[in-house]
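In the numbering used here, the protein residues as written are 487 to 1083.
Have a look at the structure below before the remarks.
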Ligand code: ASP
């Protein structure tokens, strides 16, 4: 990726050159560069090499009488660009052929010794880095990631605007939305006892924009969900949020695909392979997950036909028998195979059958004696296994077998997050409901405004769990990047879905009354999507933790180590808000939030 640094960036203000931009063609120029002392090395009695760093790179300055210069001091160095003497060229540096000589140094700002060395970022405790995040931000990695993020945002904006989308800002002080995650509440000073909530997403606001005739809306929106933090989840996150009227699911896919492809090219310089679409059901059967990583094969194979008629109980009595082939796994040791079996059991399988494929389709396995030669050959043929391969088989119920094999597939072969290509895929036809809660009500898989699949609407009352929805996810290299749906704009269908979810008319009125009221005044058919930008940036930057692409992330316990947030507030402010603090109970501080759509 190239940023407008080197030759394109025009220096101004106190500097006439950027540190990382100087080249041999600049030899003879007198320049002023500004930045931080990255390193100082003595060079004879009176001279020192001072490496000056700005966000574009490092320039070596030869400075006289520099004994009082220290790491991270801020300098303006004026000197003459000259070629380094032969044998001292540093090919690892973009400026490695030159240095600044005859330097005049102006100390712009002193610096205490930094609490960690920026060169030793990898060995530095994360808590120290986050406490002094402004120092961490000076590292090449953080500079690269934040600039990549800015470029991605700008490419996404351009792509959405090119497609006729208009950017609208929606409120941060809002009312509960239907994603289902726990919300952050903000007490109202003017109405004691009432609260705003921070939006989990602009879901309702953007649907109302469609009623308001905006037609195509987008926003790079901040969303807040008070859920447990993980490598791919922070309290606050950012999404490219869109909504459009008079469209089908295919139109939404086209808008979003166009934007993510353009943005990927803008930051990586590489066009990703074409985006494939598969149904939720197909993804589960082929990859054992609804977020398949398509960078590698090892697809799940259905052995139903291959083992038909076998007398081996574990297979004949199971609803599903599925396998994956591990190329070259045939020489794995017994202890490695035993730990695979343990892993499968831990993932919920009744057991795991392993078979080493020997010459001509002969299997070596603890269960080989229970399987006829014909069945063994059929398994080999079905999995396309070759001598030297390993075949792993799980038998049981559909979702369990695919989930276990899908996870083993990832355990055994998933490439590192930084490995290209970028394989985006659309997953469609998710079930409308994901199960039943303790009170016997169905649970919405996405959110309650998701339109059922047109072919399944009649099953809403008779066989609701089999109803497919018009919702869809975008997945990149095994990460769910976001989801969306075509919304219900008809009051009759909305009522049937609310009834299935156990939301009474009064309930619906109390929670979403203002949306339902708006729908009575002419709601266009509409649908939308949200792309999680923290995850997209992380993947494009090759990072497996989103905090590496966020300027000021929180720790797992929700703390901002730099600012000290969250902190107590003063008695005066509390009384203005009409709030009295009671000690936290164990239950309230540890309760888990349901996960959001
Ligand atoms: N509101 C959904 C989310 O934030 C996205 C959508 O349905 O547009 O996940």
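From the three backbone atoms N, C-alpha and C, an ideal C-beta is built for every residue, glycine too.
Could you round the C-beta distance between residue 732 and residue 1039 to whole angstroms and report it? I think they count as a contact, below 8 Å.
-> For the purposes of this step, residue 732 is taken as the residue at position 246 of the chain shown. For the purposes of this step, residue 1039 is taken as the residue at position 553 of the chain shown. Incorrect: roughly 39 Å between the Cβ atoms, too far for contact.
Please report the residue range of the beta strand (DSSP E) in which residue 1014 lies.
-> For the purposes of this step, residue 1014 is identified with residue 528 of the chain shown, where counting begins at 1. Residues 1012-1018.
For the segment 898-913 against the segment 1025-1039, are there 3 or more C-beta pairs whose distance is under 8 Å?
-> yes
By the 10 Å Cβ neighbour count, where 16 or more other Cβ atoms means buried, how is residue 704 classified, buried or exposed?
-> The residue you call residue 704 lines up with position 218 of the chain shown. Looking at its Cβ environment, which holds 16 or more other Cβ atoms inside 10 Å, residue 704 is buried.
Taking all protein chains shown into account, decide if residue 688 is buried (16 or more other Cβ within 10 angstroms of its Cβ) or exposed.
-> Counted from its first residue, the chain shown places residue 688 at position 202. Answer is buried; the Cβ neighbour count reaches 16.
Rounded straight-line distance, which links the Cα of residue 716 to that of residue 1076 = The sequence position of residue 1076 within the chain shown is 590, counting from 1. The sequence position of residue 716 within the chain shown is 230, counting from 1. Note that residue 1076 scores a pLDDT of 49, beneath 50, so its modelled location is shaky and nothing firm can be said.
Same chain, Cβ closer than 7 Å to residue 669, neighbours up to 5 away in sequence not counted | As a position in the chain shown, residue 669 is number 183, starting the count at 1. Answer for residue 669: 662, 683, 684, 686, 712, listed in chain order.
List the DSSP bridge partners of residue 729.
-> In the chain shown, counting from the first residue as 1, residue 729 sits at position 243. Answer is 703, 1014, bridged to residue 729.
Span of the beta strand (DSSP E) holding residue 797?
-> By 1-based counting over the chain shown, the position of residue 797 is 311. That residue, residue 797, is in no beta strand (DSSP E); it is neither H nor E in DSSP.
Take the Cβ of residue 519 as the centre, count every other Cβ of all protein chains shown within 10 Å, and call the residue buried at 16 or more, exposed below.
-> Position 33 of the chain shown, counting from 1, holds the residue named residue 519. Result: buried.
Return yes when the Cβ of residue 584 is within less than 8 Å of the Cβ of residue 569, no when it is not.
-> Walking along the chain shown from the start, residue 569 turns up at place 83. Walking along the chain shown from the start, residue 584 turns up at place 98. Taking 8 Å as the Cβ cut-off, residue 569 and residue 584 qualify as a contacting pair.
Can you list, in chain order, the residues of its chain whose CB lies under 6 Å from that of residue 664, leaving out five sequence neighbours each side?
-> For the purposes of this step, residue 664 is taken as residue 178 along the chain shown, with counting starting at 1. Correct list, in chain order: 933, 934.
State the CB to CB distance for the pair residue 807 and residue 879, rounded to an integer number of angstroms; the pair is presumed to be in contact (CB under 8 Å).
-> Locating residue 807 in the chain shown gives position 321, counting from the first residue. Locating residue 879 in the chain shown gives position 393, counting from the first residue. Indeed they touch by this definition, with Cβ atoms about 6 Å apart.
Residue 992 versus residue 999: straight-line alpha-carbon distance, rounded | The residue you call residue 992 lines up with position 506 of the chain shown. The residue you call residue 999 lines up with position 513 of the chain shown. Residue 992 and residue 999: Cα-Cα distance of roughly 9 Å.
What's the call for residue 916, buried or exposed, on a 16-neighbour Cβ count within 10 Å?
-> Taking the chain shown and counting its residues from 1, the one referred to as residue 916 is at position 430. The residue in question, residue 916, is buried, as its Cβ has 16 or more Cβ neighbours within 10 Å.
Please indicate yes or no: does the CB of residue 723 lie closer than 7 Å to some heavy atom of the ligand ASP?
-> The residue given as residue 723 occupies position 237 in the chain shown. Result no, Cβ not under 7 Å from the ligand ASP.
What's the call for residue 968, buried or exposed, on a 16-neighbour Cβ count within 10 Å?
-> The sequence position of residue 968 within the chain shown is 482, counting from 1. Buried is the call here.
Taking contact to mean at least 3 C-beta pairs separated by less than 8 Å, is the segment 792-806 in contact with the segment 967-984?
-> no
Ordered along the chain, which non-local residues of its own chain (more than five positions away) have a Cβ less than 6 Å from that of residue 525?
-> Along the chain shown, read from residue 1 onward, the residue named residue 525 stands at position 39. Excluding residues within five positions, the ones whose Cβ falls inside 6 Å are 537.
Beta strand (DSSP E) containing residue 968: first to last residue?
-> Locating residue 968 in the chain shown gives position 482, counting from the first residue. Unbroken beta strand (DSSP E) run through residue 968: 965-972.
Candidates 762, 581, 1068, 961: which alpha carbon is nearest residue 1015's?
-> In the chain shown, the residue the question calls residue 1015 occupies position 529. That would be 961, whose Cα lies nearest to the Cα of residue 1015.
When we look at the beta-carbon of residue 1079 and count the other beta-carbons within 10 Å, is it buried (16 or more) or exposed?
-> Reading the chain shown from its first residue, position 593 is the one you call residue 1079. Confidence in residue 1079 is poor, its pLDDT being 44 and thus under 50, which makes the residue's placement too unreliable to answer from.
Contact set for residue 719: own chain, Cβ-Cβ below 7 Å, skip 5 residues either direction = Position 233 of the chain shown, counted from the first residue, corresponds to residue 719. If we look at residue 719 and ignore the five residues flanking it on each side, its Cβ neighbours are 713.
Could you give the residue range of the beta strand (DSSP E) that holds residue 528?
-> Along the chain shown, read from residue 1 onward, the residue named residue 528 stands at position 42. Per DSSP, residue 528 belongs to the beta strand (DSSP E) from 516-529.
Just the C-alpha distance for residue 551 and residue 510, rounded to the nearest angstrom, thanks.
-> Sequence index remark: in the chain shown, residue 551 carries index 65 (1-based). Sequence index remark: in the chain shown, residue 510 carries index 24 (1-based). If I take the Cα positions, the gap works out to 26 Å.
Could you tell me how far apart the beta carbons of residue 620 and residue 601 are, in whole angstroms, since I believe they sit closer than 8 Å?
-> Working through the chain shown from its first residue, we reach residue 620 at position 134. Working through the chain shown from its first residue, we reach residue 601 at position 115. In fact, because the Cβ distance is near 11 Å, the residues do not count as touching under 8 Å.
Give the C-beta separation of residue 681 and residue 672 to the nearest angstrom, bearing in mind that I take them to be a contact with Cβ-Cβ under 8 Å.
-> In the chain shown, counting from the first residue as 1, residue 681 sits at position 195. In the chain shown, counting from the first residue as 1, residue 672 sits at position 186. Correct: roughly 6 Å between the Cβ atoms.
Residues near residue 488 by beta carbon distance below 7 Å, same chain, minus five either side | By one-based count along the chain shown, residue 488 stands at place 2. Confidence at residue 488 is low in this model, with a pLDDT of 41, below 50, so its placement is unreliable and no value can be given for it.
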